[in-house]
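In our numbering, the protein residues as written are 2 to 321.
Where is the CB? At the ideal position from N, CA and C, for every residue including glycine.
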């Protein structure tokens with residue numbers, strides 16, 4: 002993930018360029034207005050969240066091979082008709098490199114602030130309507146789209162161009178039955194936490210079978226957080242006490258916070274050998290795509306050092 006909240010625009014794109022040079026397969030941009038305000042936590046200075054699609058458009062012009070993902074767009078915040086046009090445009094401008102991650106949104110308070118006139122809306126139902134419209138507008142087989150729903154209504158919308166990729170890969174965080182149903186209904190690609198991805202996939206399986214979907218067709222992304230240290234103790238301390246690490250903990254509601262040992266144990270925090278061991282075990286379980294949600298670092302330079310260390314010392318050993 003690019004450090005949109007903690008870097009200048011030029012530093013953000015430099016991270017993307019360096020990621021391509023290091024051999025990473027994809028970079029992802031997150032989608033917040035101000036999660037700090039909605040979670041009741043105040044940080045100084047507040048993170049400056051750059052808009053995801055515009056950030057990736059800028060990055061597309063500076064790169065040629067690396068995939069560009071949204072991780073994830075908060076769909077209920079956006080007009081799905083306009084979003085479809087933006088997504089298709091970015092897929093063309095990037096020569097078919099877009100990975101579209103979408104989701105409900107982590108913070109109900111942020112939604113209520115941005116969509117005050119819909120603050121009492123059922124976000125899950127809204128997501129379902131928006132998702133249906135978005136998928137149909139992006140589908141090359143849909144010439145004109147009509148949909149009359151509770152939260153969105155369109156009549157005979159014919160959108161061109163369609164995305165270069167057909168179908169456009171769409172990803173959804175796989176967290177609970179409602180998400181599993183959406184993944185199965187629309188054939189979406191699941192994003193699962195690295196703590197126990199097999200459990201997530203097994204929970205998804207009956208929904209896929211009921212919908213007649215092929216589990217083998219899924220491009221599963223396993224997500225985790227990263228900090229590499231010379232010793233396990235150094236890695237845990239480095240993860241816990243960095244600026245970005247502190248923000249990550251602060252924006253988590255108190256009831257959802259866990260011990261440092263639980264958090265670091267569930268993520269990719271440790272020495273090079275320790276992280277290689279964890280990723281290799283996941284590969285043995287059949288997982289192939291790993292997404293670093295968060296690299297704990299105090300500066301962009303430290304983040305780049307972590308990326309380079311991962312690329313040079315870990316990726317070659319895990320990919321073989």
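Taken atom to atom, the span from the alpha-carbon of residue 59 to that of residue 69 is near 11 Å.
For residue 190, the three-state secondary structure derived from DSSP is strand. Between residue 292 and residue 224, the C-beta gap is smaller than 8 Å, which places the two residues in contact. When 106, 236 and 96 are compared, the shortest CA-CA separation from residue 167 is found for 96. Cβ neighbours of residue 128 within its own chain (closer than 7 Å, five residues either side excluded): 76, 77 and 105. Comparing alpha carbon positions, the residue from 113, 30 and 286 closest to residue 2 is 30. By the criterion of at least three beta-carbon pairs nearer than 8 Å, the region 9–26 is in contact with the region 46–62. Under the DSSP definition of a beta bridge, residue 27 partners with 68.
Excluding its 5 nearest sequence neighbours in each direction, residue 138 has C-beta neighbours in its own chain below 6 Å: 85, 146 and 160, listed in chain order.
Assignment of residue 127 by DSSP, reduced to helix, strand and coil, places it in the helix class. Distance between residue 98 and residue 163, taken at the CA atoms: about 14 Å. Listed in chain order, the beta strand (DSSP E) elements of length 3 or more contained wholly in the region 149–177 are 154–158 and 171–174.
With distances taken between CA atoms, residue 289 lies nearest to 316 out of 263, 265 and 316. Assignment of beta-bridge partners to residue 295 by DSSP yields 226. About 6 Å separates the beta carbon of residue 101 from that of residue 88, a gap short enough to meet the 8 Å contact definition.
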